[in-house]
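Q: Dropping a structure here in structure tokens format, bear with me for questions.
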Amino acid sequence: MSDTSKIGPKENTFTEEEKKYFKTLKLVLLVPIAERPEGKFFKCVVDMMAFSWFHGLEIHETGITERTVVDWARNQLARDAIQRESPLDGKLYTHFLWIDSDMVFNPDMACQLARHQVDMVSLVYHCRSGAPLPLVYVKSDDLEGYKHHTLLDIPQMLCKVDAFGFGGCLISRKVFEGTPEPWFTVDYRAGEDIAFCKRARDFGFQPYVDGVYSAGHIGTAPVVSEKDFAKWKQDNYDTYLKDRMPVSLGGK
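Using numbering that gives the first Met the number 0, the first residue of the sequence shown is number 0, and each one after it goes up by one.
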């Protein structure tokens, strides 16, 4: 279980009205896979699926791409999802749940995002390299409208924003139907997530962020070197090395 969220799944209860609303939704999980996912990601997905179904929120299947340029991957996943009928009941999906394969999250994530009943909503997560800034943005006043700034102090509530990262978000079908393609683009102005949010805003849709709900972002493991070992010896001298016994090779 991820320990990043301010809400835990055991404490997160849903009203009967929310559960009734959940039953009107039909979700497909969309995962653009850039690298081989870690086991903890798969555990999070399985636990979330079980939790969601138990509370009446149906996630019918998962769409993936593998080792594909991110804007192509997201566009292809969205095109397939918007046309596809559920293999369980033959109906179209109402919402697309986007989760990146380097995320860890609590089982109640999908239910938490769905309960807000808005067209596009993200949880809070942070950059996995460099400064750990939240991937939540407010727009600048540049003429093209693509320049955004990171929102450092996120209100502890559901709040309107101008853009968010796509690591963990729930988007209504109507956003894709009401926003012309290409939905996702990458160029000198913005990454594909900011570009999508900017384009959706241009066509009347409002991005939201749940400021009290967060997930973990699996970072790049450090390269272990002699410096790390030297620091370990220094930090652990009294415990492990002060009275160490000599060991000879070959049993002699």
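The C-beta atom is built at its ideal place from N, Cα and C for all residues, glycine as well.
Under the three-state reduction of DSSP, which class applies to Ser213: helix, strand or coil?
A: Looking at Ser213 - three-state DSSP - the assignment turns out to be strand.
Q: What's the call for Pro131, buried or exposed, on a 16-neighbour Cβ count within 10 Å?
A: With fewer than 16 Cβ atoms within 10 Å of its Cβ, Pro131 is classed as exposed.
Q: Alpha carbon to alpha carbon, how far is Lys25 from Lys226?
A: Whole-angstrom Cα-Cα distance: 52 Å.
Q: To the nearest angstrom, report how far apart Lys19 and Lys230 are at their CA atoms.
A: Roughly 56 Å separates the two Cα atoms.
Q: Which class does Leu157 belong to by DSSP, given the choice of helix, strand or coil?
A: Three-state result, Leu157: strand.
Q: Indicate the three-state DSSP secondary structure (helix, strand or coil) for Phe163 in the structure shown.
A: Three-state DSSP puts Phe163 in a strand.
Q: What residue range does the alpha helix (DSSP H) around Ser51 cover?
A: Ser51 -> alpha helix (DSSP H) spans Gly38 to Phe53.
Q: With DSSP run on the structure shown, which of helix, strand or coil describes Leu112?
A: Helix, per DSSP.
Q: Which partner residues does Cys168 have in the DSSP bridge list?
A: Cys168 pairs with Trp97 and Ser121.
Q: Roughly how many whole angstroms lie between the Cα atoms of Val208 and Gln82?
A: Taking the straight line joining both Cα atoms gives about 27 Å.
Q: Could you check how far apart the C-beta atoms of Cys158 and Val120 are, in whole angstroms? I think they sit under 8 Å.
A: About 10 Å separates the two Cβ atoms, so there is no contact after all.
Q: Taking 7 Å as the limit between beta carbons, can you name the residues of its chain near His147, skipping five residues before and five after?
A: Hits under 7 Å: Tyr136, Val137, Lys138, Ser139, Asp161, Ala162 and Ile193.
Q: Where does Pro206 fall in DSSP's three states?
A: Residue state, collapsed to three classes: strand.
Q: In the DSSP assignment, the alpha helix (DSSP H) including Leu76 goes from what residue to what residue?
A: Per DSSP, Leu76 belongs to the alpha helix (DSSP H) from Val69 to Gln82.
Q: Please check the pair Trp91 and Glu84, which I expect to be a contact at CB under 8 Å, by giving their CB distance rounded to whole angstroms.
A: The question names Trp, yet the displayed sequence has Leu at residue 91. Sure, about 6 Å apart at Cβ, within 8 Å.
Q: DSSP beta-bridge partners for Tyr136?
A: Tyr136 pairs with Thr149 and Ala162.
Q: Hey, Phe204 and Cys110 are a contact pair by Cβ (cut 8 Å); roughly how many whole angstroms apart?
A: With a Cβ gap of about 22 Å, Phe204 and Cys110 do not count as contacting.
Q: Drop a sphere of 10 angstroms on the beta-carbon of Pro86, count the other beta-carbons inside from all chains shown, and report buried for 16 or more, exposed for fewer.
A: Exposed.
Q: Along the beta strand (DSSP E) that carries Glu34, what are the first and last residues, could you check?
A: Premise fails: Glu34 is in no beta strand (DSSP E) and is neither H nor E.
Q: Within 10 angstroms of the Cβ of Ser128, are there 16 or more other Cβ atoms? Answer buried if so, exposed if not.
A: The residue in question, Ser128, is exposed, as its Cβ has fewer than 16 Cβ neighbours within 10 Å.
Q: The beta strand (DSSP E) that contains Glu57, what's its start and end?
A: Taken as a continuous stretch (DSSP letters only), the beta strand (DSSP E) holding Glu57 covers Glu57 to Glu65.
Q: Looking at the structure shown, is Val103 part of a helix, part of a strand, or coil, going by DSSP?
A: DSSP places Val103 in strand when its eight states are reduced to three.
Q: Which of the three DSSP states is assigned to Lys25 in this structure?
A: Strand.
Q: Just the Cα atoms here: how many angstroms apart are Thr23 and Thr184?
A: Taking the straight line joining both Cα atoms gives about 31 Å.
Q: Exposed or buried, which one is Gly250 when buried takes at least 16 other CB atoms within 10 Å?
A: Residue confidence is low: Gly250 scores 48 on pLDDT, short of 50, so the model does not pin down where it sits. No coordinate-derived value is stated.
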